[in-house]
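Here the numbering used here is used: the first residue of the sequence shown is 49, the next is one more, and so on.
Yeah, the Cβ is synthetic: ideal placement off N, Cα and C, and Gly gets one too.
Okay, so here's the structure we're looking at.
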Amino acid sequence: MASGRLMGFRLRFQFPDCRTLKDRRSRVASLIQYAKARHGFSAADFSEPLQPDYAEVGFAAVGRTVEEIRGRLDRVIGAAENKGETHLLGVEEFALED
């Protein structure tokens with residue numbers, strides 16, 4: 049069996065133009081769908097329910113190297129920031145060691 053790396057990330061976003069929870073859910077659902085379909089991430093939204101302009105999304109992926117996985121995440125972040133008013137507030141990274 050080929051060895052790989054498992055990485056997890058917690059991203060915090062601000063969506064200044066989202067006024068309702070429905071707006072935020074739609075924006076986050078689109079981001080998650082893109083990350084899954086185009087870059088092979090598993091993802092989940094674990095945002096606070098009463099903050100329509102703020103989101104926390106968890107991502108996980110397996111890849112050959114840490115750099116490869118980070119590169120895929122950078123493309124997801126870039127796509128999110130290019131779609132509407134989206135600001136990345138922070139990223140936490142978690143690695144599962146062999």
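Counting C-beta pairs closer than 8 Å gives three or more between the region 50-66 and the region 97-111, which meets the contact rule.
In this chain, the alpha helix (DSSP H) harbouring SER74 covers 69-87.
When secondary structure is reduced to three states using DSSP, ARG118 falls in the helix class. Straight through space, the alpha carbons of ARG73 and ILE80 are spaced by roughly 10 Å. The region 128-143 makes contact with the region 58-66: 3 or more CB pairs, one atom from each, lie closer than 8 Å.
Rounded to the nearest angstrom, the gap between the Cα atoms of LEU121 and VAL76 is 15 Å.
Counting along the chain, PHE107 sits inside the beta strand (DSSP E) bounded by residues 102-111.
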